[in-house]
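Notes follow once the structure below has been shown.
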Amino acid sequence: MPVIPPTKPYRIGRSKTGLGLFATKPIKKGTKIVRYFGPLLDSKKAEEDAIENKYLFELDKRWTIDGSVRENVARYINHSCKPNAESDVKPRKKKIFIRAIKDIEPGEEINYDYGTDYFKAYLKPIGCRCEPCEKKRAKKKADARAERVGLKPKDGRKPKRKTEKLAKDKAKQRAKAKAKMEGEATARGKAKSRRPASAAGKRVKSKTAAAKTLSGGARAA
Ligand SMILES: [Zn+2]
Numbered sequence: 001m002p003v004i005p006p007t008k009p010y011r012i013g014r015s016k017t018g019l020g021l022f023a024t025k026p027i028k029k030g031t032k033i034v035r036y037f038g039p040l041l042d043s044k045k046a047e048e049d050a051i052e053n054k055y056l057f058e059l060d061k062r063w064t065i066d067g068s069v070r071e072n073v074a075r076y077i078n079h080s081c082k083p084n085a086e087s088d089v090k091p092r093k094k095k096i097f098i099r100a101i102k103d104i105e106p107g108e109e110i111n112y113d114y115g116t117d118y119f120k121a122y123l124k125p126i127g128c129r130c131e132p133c134e135k136k137r138a139k140k141k142a143d144a145r146a147e148r149v150g151l152k153p154k155d156g157r158k159p160k161r162k163t164e165k166l167a168k169d170k171a172k173q174r175a176k177a178k179a180k181m182e183g184e185a186t187a188r189g190k191a192k193s194r195r196p197a198s199a200a201g202k203r204v205k206s207k208t209a210a211a212k213t214l215s216g217g218a219r220a221a
């Protein structure tokens, strides 16, 4: 692993998918974090055009940066569909910087959107393992499980049944003890007001993440 001077606001560390780059100091939104660098490959030269690896970063139609060199610390930054940084590509200067698009706290993993081409080639086939995608998957699983065991009301049907049952119980009680009529009325009122907690229509899933992925910068495979 490359040695990172302690003045830098990041370190290489373990992440869920291997290694990743983590903030060691607060990084303000808009800050250039690190340069993505490596040999420039000219697509007009057959031997350079033939180079293939996961770290190729296209500058434009002609030029590509081969970021697979060890010293390129930016290559440790993982992809996220909801990133806290972005790749700022300067084709004319033939440079790429990774820039914070949010305030990043120490300990947070730094990530950026690798773009559609990379996503299709490498991430989609195995399933994206970025945090938002993992969370989405976990929530889906939990929801399915909850619905299966009947913990979660579907269109509020379950709580309604409960209310009905409560009302029936009350009726029985009422028949047994007519003297307590007044108290029952109050209790029934309470039972009726217990409405299902989750209103349908609130659980529409956001499509922002997918849209972002599609509009991401190109990191050619
Ligand atoms: Zn993802």
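Residues 1 to 221 (full-length UniProt numbering) are what the sequence shown spells out, left to right. Even glycine gets a Cβ: it sits at the ideal position worked out from N, Cα and C.
Judged by DSSP in its simplified three-state form, L41 adopts strand. By the Cβ criterion, the segment 26 to 42 is in contact with the segment 68 to 76, since at least three pairs of Cβ atoms, one from each stretch, lie closer than 8 angstroms. Counting C-beta pairs with one atom in each stretch, the segment 78 to 93 and the segment 118 to 135 have three or more that are closer than 8 angstroms, which means they touch. Applying a distance threshold of 5 angstroms between residue Cβ atoms and the heavy atoms of ligand 1 selects C81, C128, C130, C133, given in chain order. Check the Cα spacing between K16 and each of R174, F119, I110: the tightest is with I110. The beta carbon of L41 sits closer than 8 angstroms to those of E48, D49, I51, L56, W63, T64, I65, D66, all from its chain and outside the five residues before and after it, given in chain order. Judged by beta-carbon spacing, T24 lies within the 8 angstroms limit of R11, meaning their Cβ atoms are closer than that value.
In this structure, the CA atom of R137 is about 14 angstroms from the CA atom of A146. CA-to-CA, the gap between A142 and I126 works out to about 21 angstroms.
Non-local beta-carbon contacts of D88 in its own chain, meaning distances under 6 angstroms to residues more than five positions away in sequence, involve F97, R99 in chain order. With 16 or more other CB atoms across the displayed protein chains lying within 10 angstroms of its CB, A85 is buried. In the structure shown, Y36 adopts extended strand secondary structure according to DSSP, grouped into three states.
In the structure shown, T17 falls within a coil segment according to DSSP collapsed to helix, strand and coil.
Boundaries of the beta strand (DSSP E) around R99: 95 to 100.
Separation of P6 and K29 (C-alpha to C-alpha, rounded to the nearest whole angstrom) is 21 angstroms.
For K90, the enclosing beta strand (DSSP E) starts and ends at 85 to 90. DSSP places Y76 in the helix class (H, G or I) of the three-state scheme. Within the same chain, and ignoring the five residues on either side of P2 in sequence, the residues whose Cβ sits closer than 7 angstroms to its Cβ are R70, E71, V73.
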